[in-house]
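Here's the structure, in structure tokens; my notes come after.
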Amino acid sequence: MASAFRRFQDSWNSLLPDPFLRDGGRYRLRRYSVFTWQRGRLTRLPHEPHYQSSYHNAVHGGFNRHFRGWLPTTVSNPVFHEILHWCFGRISPDGGDWRIQAHQFRVVARPGQEGRPTPEGVHKDGADYILIMLLDRHNVVGGVTHVYDNAMQPLDSCTLSQAGDLLLVNDHRVYHGVTPILPAESGKPAWRDVLVLTFHRSGR
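All residue numbers for the sequence shown refer to this note's numbering, where the first residue is 6 and numbers rise by one.
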């Protein structure tokens, strides 16, 4: 499984620039695919755009965004399936059908140019549950995750610092956001690789 995890991490090197950043930045790369989970079986859906309402994403919501999909080797990687089984063991131990929006993100930072993991600020994703998992963090300062209750009172904060560190949150109960990143050492590459899965219960 260690070699599979390295291959899973390496798939972040295939991400493509996000052309939809309205702040004019070029700091985010990504891939996006949608899946269903039915009776423990994962099915990849045909390509579809990523859409969020302006209510949930005031910066990038209200229009369709088309991104390149996950590579087949990433989808078939056993690490991805282990992550899903782990999540469903906690959010849906009795089974049920789900829709999964799967995002691979790389946010890069350069001297004098921060990278913004959540350019929309503190927000909800309009899902039932959200997994945020770190795959790599190189030469980075910042990137602190903050969680708030529905009254926007702080609940917790943490820095995902090691590969495999994660948060699994109930999107109905909390807001979340991540602070910008900067290079720890100027002149050296800096990036933060994250897997984000949003889980939507079918029928809602």
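Ideal Cβ placement from N, Cα and C applies to all residues, glycine included. Computed from a prediction, not measured in an experiment: that's the story for all the values here.
Quiz prompt | Three-way DSSP call (helix, strand, coil) for Gly-277 in this model | solution = There is no way to answer for residue 277, as the model of the chain reaches only from 6 to 209.
Exercise. Would you tell me roughly how many angstroms separate the C-alpha atoms of His-128 and Pro-77, rounded to the nearest one?
Key: Each residue's alpha carbon lies about 31 Å from the other.
Quiz prompt | Segment contact, 8 Å Cβ cut-off, at least three pairs: the region 23–40 with the region 146–154 | solution = Fewer than three beta-carbon pairs drawn from the region 23–40 and the region 146–154 are found closer than 8 Å, and the two stretches are therefore not classed as touching.
Self-check item: Residues near Gln-14 by beta carbon distance below 8 Å, same chain, minus five either side
Solution: Excluding sequence neighbours, Gln-14 sits near Leu-140, Asp-141, Ala-168, Asp-198.
Quiz prompt | Cα-Cα separation, Gly-101 to Met-138 | solution = 23 Å
Exercise. Pick helix, strand or coil for Leu-172, following the three-state DSSP scheme.
Key: strand
Quiz item: Are the Cβ atoms of Ile-105 and Val-39 separated by less than 9 Å?
Solution: Taking the C-beta atoms as reference points, Val-39 is found nearer than 9 Å to Ile-105.
Quiz item: What are the boundary residues of the alpha helix (DSSP H) that includes His-181?
Solution: Unbroken run through His-181 is the beta strand (DSSP E), 179–183; no alpha helix (DSSP H).
Self-check item: CB-CB length for Pro-185 against Pro-116, believed under 8 Å
Solution: Taking 8 Å as the upper bound for CB-CB distance, Pro-185 and Pro-116 are not in contact here, some 14 Å apart.
Quiz item: So, using beta-carbon positions, are Pro-194 and Val-112 closer together than 9 Å?
Solution: no
Self-check item: Three-state secondary structure (DSSP) of Phe-25
Solution: Coil at Phe-25, not helix or strand.
Quiz prompt | Whole runs of the alpha helix (DSSP H) within the region 30–113, excluding any shorter than 4 residues | solution = 77–80, 83–96
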